[in-house]
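Engineer: Here the protein sequences line up with chains A and Y, keeping their order.
Going letter by letter, the first sequence gives residues 13 to 269 in the numbering used here.
Going letter by letter, the second sequence gives residues 13 to 269 in the numbering used here.
Glycine is no exception: its CB is placed at the ideal position from the N, C-alpha and C atoms.
2 protein chains.
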Amino acid sequence: MRYVLCVQYDGTDFSGYQRQERGERTVQGELERAASAIFGCETRVAASGRTDAGVHARAQICHLDGETSIPAERLCLCFNRELAPDLRVIASAAAPEGFDCTRGAKRKTYVYSAYYAPTELPLFSRYAARLQECPGISPMQAAARLFEGEHDFRAFCASGSSAKTTVRTIYRIEISEIRRGTLSIFRIYVTGNGFLYKMVRSIAGELFAIGCGKPLAPLEAALAHGDRALLAKTMPAAGLLLDRVDYGIPLFAGVNG
Amino acid sequence: MRYVLCVQYDGTDFSGYQRQERGERTVQGELERAASAIFGCETRVAASGRTDAGVHARAQICHLDGETSIPAERLCLCFNRELAPDLRVIASAAAPEGFDCTRGAKRKTYVYSAYYAPTELPLFSRYAARLQECPGISPMQAAARLFEGEHDFRAFCASGSSAKTTVRTIYRIEISEIRRGTLSIFRIYVTGNGFLYKMVRSIAGELFAIGCGKPLAPLEAALAHGDRALLAKTMPAAGLLLDRVDYGIPLFAGVNG
Chain A
13 MRYVLCVQYD
23 GTDFSGYQRQ
33 ERGERTVQGE
43 LERAASAIFG
53 CETRVAASGR
63 TDAGVHARAQ
73 ICHLDGETSI
83 PAERLCLCFN
93 RELAPDLRVI
103 ASAAAPEGFD
113 CTRGAKRKTY
123 VYSAYYAPTE
133 LPLFSRYAAR
143 LQECPGISPM
153 QAAARLFEGE
163 HDFRAFCASG
173 SSAKTTVRTI
183 YRIEISEIRR
193 GTLSIFRIYV
203 TGNGFLYKMV
213 RSIAGELFAI
223 GCGKPLAPLE
233 AALAHGDRAL
243 LAKTMPAAGL
253 LLDRVDYGIP
263 LFAGVNG
Chain Y
13 MRYVLCVQYD
23 GTDFSGYQRQ
33 ERGERTVQGE
43 LERAASAIFG
53 CETRVAASGR
63 TDAGVHARAQ
73 ICHLDGETSI
83 PAERLCLCFN
93 RELAPDLRVI
103 ASAAAPEGFD
113 CTRGAKRKTY
123 VYSAYYAPTE
133 LPLFSRYAAR
143 LQECPGISPM
153 QAAARLFEGE
163 HDFRAFCASG
173 SSAKTTVRTI
183 YRIEISEIRR
193 GTLSIFRIYV
203 TGNGFLYKMV
213 RSIAGELFAI
223 GCGKPLAPLE
233 AALAHGDRAL
243 LAKTMPAAGL
253 LLDRVDYGIP
263 LFAGVNG
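#1: Under three-state DSSP, which class holds A/Gly206?
#2: Can you tell me whether A/Ala155 sits near the ligand GTP, meaning its C-beta is under 6 Å from at least one heavy atom of the ligand?
#3: So with Cβ pairs under 7 Å, would you call Y/Cys20 a contact of chain A?
#4: Go ahead and pull the three-state DSSP assignment for A/Ser104.
#5: Report the rounded CA-to-CA distance for Y/Pro108 versus Y/Ser188, giving the unit in angstroms.
#6: Does the distance from the C-beta atom of Y/Val257 to that of Y/Ile73 stay below 7 Å?
#7: In chain order, what are the residue ranges of uninterrupted beta strand (DSSP E) at least 3 long that sit wholly in the region 49–104 of chain A?
#8: Y/Arg199: which of Y/Phe264, Y/Asp22, Y/Gly148, Y/Ser81 sits nearest, CA to CA?
#9: Anyone know if the C-beta pair for Y/Ser48 and Y/Cys113 falls short of 7 Å?
#10: Is any beta-carbon of chain Y found at less than 7 Å from that of A/Ile190?
#11: Would a check of beta-carbon distances place A/Thr131 closer than 7 Å to chain Y?
#12: Enumerate in chain order the residues of its own chain whose CB-to-CB distance from A/Val19 is below 6 Å, with the five nearest sequence positions on each side excluded.
#13: Please look up how many angstroms separate the CB atoms of A/Leu99 and Y/Pro134, rounded, as I've assumed it's under 8 Å.
#14: Can you name the residues of chain Y whose CB is closer than 8 Å to the CB of A/Ile102?
#15: Who are the Cβ neighbours of A/Thr38 in its own chain at under 8 Å, not counting the five residues just before and after it?
#16: Terminal residues of the continuous alpha helix (DSSP H) containing A/Gly28?
#17: In terms of residue numbering, what span does the beta strand (DSSP E) encompassing A/Glu186 cover?
#18: When we look at the beta-carbon of A/Gln40 and count the other beta-carbons within 10 Å, is it buried (16 or more) or exposed?
#19: Figure out for me which residue from Y/Ala265, Y/Thr131, Y/Gly78, Y/Leu17 has the closest Cα to the Cα of Y/Leu89.
#20: Counting only the same chain and skipping the five closest in sequence on each side, list residues whose C-beta sits under 6 Å from that of Y/Glu36.
#21: Please confirm whether Y/Ala216 and Y/Tyr127 have their CB atoms less than 7 Å apart.
#22: Kindly list, in the order they appear in chain Y, the residues whose Cβ is closer than 8 Å to that of A/Leu99.
#23: Thinking C-alpha only, which one of A/Glu186, A/Ala69, A/Phe168 is nearest A/Thr178?
#24: Would you check if there are 3 or more beta carbon pairs closer than 8 Å linking the region 244–263 of chain A to the region 51–68 of chain A?
#25: Which same chain residues end up closer than 7 Å to Y/Gly204 when comparing Cβ atoms and leaving out the 5 residues on each side of it in sequence?
#26: Determine the direct distance from the alpha carbon of Y/Ser104 to that of Y/Arg86, and round the result to whole angstroms.
#27: Which one or two residues does DSSP pair with A/Leu195 in a beta bridge?
#28: For A/Glu218 versus A/Leu243, is the C-beta spacing smaller than 7 Å?
#29: State yes or no: is the C-beta of Y/Ala156 within less than 7 Å of the C-beta of Y/Ile185?
#30: Less than 7 Å between the beta carbons of Y/Ile222 and Y/Pro151, yes or no?
#31: How long is the line joining the alpha carbons of A/Ala129 and A/Phe165, rounded to whole angstroms?
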């Protein structure tokens with residue numbers, strides 16, 4: 013029997029999603045430890061995709077195979093008794109026929125959060141990166157349009173990726189700004205059919221740089237020819253959140269998973 | 013020369029504002045250690061009021077006396093080189109003539125944040141308490157009106173307070189709710205001329221209980237006769253934030269302090 017889980021985590025104290033050989037604390041490692049305790053045998057937990065060290069997830073989607081008499085909707089409670097407070101299974105259900113959380117993911121939305129303020133702000137730094145300069149939102153929104161559509165994003169992929177192809181489709185990038193006195197908070201929502209290693213953080217870095225006056229030519233060259241030489245720096249992990257994964261079918265009754 | 017500081021902290025890893033004899037980590041202790049390093053002599057740092065262990069502050073106001081050639085507006089940068097990332101001086105200035113951050117505080121606003129969701133949510137639990145039941149906002153808003161005005165709040169004061177009088181004025185309580193699927197996020201803004209030990213957390217607990225169907229009579233008895241016997245439980249510290257302190261005069265140029 014296959015179960016689907018909706019998982020939320022504060023990534024600060026995790027070495028990313030994927031289980032590591034060297035004993036680092038990972039989301040997959042913690043979920044599999046809990047699953048093995050619940051099912052009484054070694055149990056693998058698959059995810060829609062990995063998240064890097066320090067990256068957060070509001071609604072990561074996972075699946076696992078196992079046999080238990082516990083009702084599927086109550087499985088999340090069993091997990092949460094085994095997990096530390098920075099990792100929670102927020103919903104569980106029987107998986108639809110033929111469901112695979114990795115291959116079935118149709119679109120994912122990540123949110124990158126950053127703030128500009130004269131000093132670091134302790135109440136923001138866990139979930140947002142600090143910008144050294146305050147970008148203008150209009151040039152960022154104009155540049156966001158260039159990313160949309162199908163492109164070869166190899167210039168936006170950090171080395172170390174094992175992806176077979178670097179072609180991806182970005183459906184939409186939305187950028188918002190909230191101002192409060194000398195503080196500006198920016199959020200970049202990126203929805204696509206999949207993302208390469210550090211791709212969202214690389215896109216966010218380029219957009220913030222363009223907001224601070226960087227010309228568009230290096231971005232155009234990166235999208236057209238894969239030229240990464242003049243791209244801005246990748247943004248830090250703490251500002252990144254996996255917001256949602258869509259499969260084209262509802263997975264959980266009554267949950268905005 | 014007197015300086016005024018605007019201080020932000022994530023209270024999670026502090027044993028409250030006030031310096032402790034037993035070596036616990038406190039906001040005052042860390043600020044005084046930094047101030048003593050900057051001014052080259054033992055320096056006391058006063059605050060608008062104490063915050064309890066685990067309570068956060070967006071804009072706590074402090075003052076200190078010392079002599080330095082560092083421009084007042086740049087003093088915050090010197091502090092931040094000495095402080096850990098969960099505590100920052102976000103603005104500094106020369107204090108106005110006769111300024112006292114403790115006695116001069118005219119009104120303070122605290123925000124209590126809580127959420128209702130089927131499970132704990134790791135991305136919320138650092139700054140909001142989880143409610144076991146989802147309250148209705150209308151009865152909470154109606155009950156909030158009873159707190160407003162001048163009252164003897166001794167029923168809402170935890171034992172251990174050294175306050176001379178338990179009479180305080182609450183100017184305004186505002187409550188907001190944001191819904192996202194099965195998640196509801198509540199914020200209670202309480203503005204008053206001062207607050208007793210655990211008073212805001214006690215008020216928040218009573219308001220959430222009333223939102224879940226508790227009758228008004230115990231609240232009315234508590235406000236009229238100081239009867240605390242039937243009041244709801246005090247809410248946990250993590251949901252509480254000192255949002256702002258007003259002195260009736262601007263303290264920092266261009267900062268929403």
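Structural biologist: From the atom records:
#1: For the purposes of this step, residue 206 of chain A is taken as residue 194 along the first sequence, with counting starting at 1. A/Gly206: coil per DSSP, three-state reduction.
#2: Although the ligand GTP was asked about, the structure shown includes no ligands whatsoever.
#3: Locating residue 20 of chain Y in the second sequence gives position 8, where the first residue counts as 1. Correcting the residue identity first, residue 20 of chain Y is Gln in this sequence and not Cys. It does; some Cβ of chain A falls within 7 Å.
#4: Taking the first residue of the first sequence as 1, we reach residue 104 of chain A at position 92. Here A/Ser104 sits in strand by DSSP.
#5: Here residue 108 of chain Y refers to the residue found at position 96 of the second sequence. Here residue 188 of chain Y refers to the residue found at position 176 of the second sequence. Whole-angstrom Cα-Cα distance: 35 Å.
#6: Working through the second sequence from its first residue, we reach residue 257 of chain Y at position 245. Working through the second sequence from its first residue, we reach residue 73 of chain Y at position 61. Contact flag set, yes.
#7: 68–77
#8: On the second sequence, residue 199 of chain Y is found 187 positions in, with the first residue counted as 1. When only C-alpha atoms are compared, the closest one is Y/Gly148.
#9: Your numbering for residue 48 of chain Y matches position 36 in the second sequence. Your numbering for residue 113 of chain Y matches position 101 in the second sequence. In this structure, Y/Cys113 does not lie closer than 7 Å to Y/Ser48 by Cβ.
#10: Mapped onto the first sequence, residue 190 of chain A falls at position 178. By this cut-off, A/Ile190 is not an interface position.
#11: Numbered from its first residue, the first sequence carries residue 131 of chain A at position 119. A/Thr131 counts as touching chain Y.
#12: As a working mapping, residue 19 of chain A is identified with position 7 in the first sequence. For A/Val19, where only same-chain residues beyond five positions count, the Cβ hits under 6 Å are Gln72, Cys74, Val101.
#13: Here residue 99 of chain A is taken as the residue at index 87 of the first sequence, counted from 1. Here residue 134 of chain Y is taken as the residue at index 122 of the second sequence, counted from 1. Contact holds; Cβ gap of about 6 Å.
#14: Numbered from its first residue, the first sequence carries residue 102 of chain A at position 90. Going along chain Y in sequence order, the residues near A/Ile102 (Cβ under 8 Å) are Ala129, Pro130, Thr131, Leu133.
#15: Locating residue 38 of chain A in the first sequence gives position 26, where the first residue counts as 1. Hits under 8 Å: Phe26, Ser27, Gly28, Tyr29, Gln30, Arg31, Gln32.
#16: Counted from its first residue, the first sequence places residue 28 of chain A at position 16. It is not in any alpha helix (DSSP H) - A/Gly28 carries neither H nor E in the DSSP assignment.
#17: Here residue 186 of chain A refers to the residue found at position 174 when the first sequence is read from its first residue. 179–192 is the extent of the beta strand (DSSP E) around A/Glu186.
#18: Here residue 40 of chain A refers to the residue found at position 28 when the first sequence is read from its first residue. With 16 or more Cβ atoms within 10 Å of its Cβ, A/Gln40 is classed as buried.
#19: For the purposes of this step, residue 89 of chain Y is taken as residue 77 along the second sequence, with counting starting at 1. Here the closest residue by C-alpha is Y/Leu17.
#20: Within the second sequence, numbered from 1, the residue matching residue 36 of chain Y stands at position 24. Correct list, in chain order: Ser27.
#21: One-based indexing of the second sequence puts residue 216 of chain Y at position 204. One-based indexing of the second sequence puts residue 127 of chain Y at position 115. No, Cβ-Cβ distance for Y/Ala216 and Y/Tyr127 is not below 7 Å.
#22: If you number the first sequence from 1, residue 99 of chain A lands on position 87. Simply Pro134.
#23: Counting from one through the first sequence, the residue named residue 178 of chain A turns up at place 166. Measuring from the Cα of A/Thr178, the nearest candidate turns out to be A/Phe168.
#24: yes
#25: On the second sequence, position 192 is the one that residue 204 of chain Y refers to. Excluding sequence neighbours, Y/Gly204 sits near Arg119, Lys120, Arg180, Thr181, Ile182, Tyr183.
#26: Translated into the one-based positions of the second sequence, residue 86 of chain Y becomes position 74. Translated into the one-based positions of the second sequence, residue 104 of chain Y becomes position 92. Their Cα atoms are separated by approximately 7 Å.
#27: Walking along the first sequence from the start, residue 195 of chain A turns up at place 183. Paired residue(s): A/Arg192.
#28: Numbered from its first residue, the first sequence carries residue 218 of chain A at position 206. Numbered from its first residue, the first sequence carries residue 243 of chain A at position 231. Going by C-beta atoms, A/Glu218 is nearer than 7 Å to A/Leu243.
#29: Indexing the second sequence from 1 puts residue 156 of chain Y at position 144. Indexing the second sequence from 1 puts residue 185 of chain Y at position 173. Cβ distance < 7 Å, so Y/Ala156 and Y/Ile185 count as in contact.
#30: In the second sequence, counting from the first residue as 1, residue 222 of chain Y sits at position 210. In the second sequence, counting from the first residue as 1, residue 151 of chain Y sits at position 139. A contact, by the Cβ cut-off of 7 Å.
#31: As a position in the first sequence, residue 129 of chain A is number 117, starting the count at 1. As a position in the first sequence, residue 165 of chain A is number 153, starting the count at 1. Answer to the nearest angstrom: the Cα atoms are 31 Å apart.
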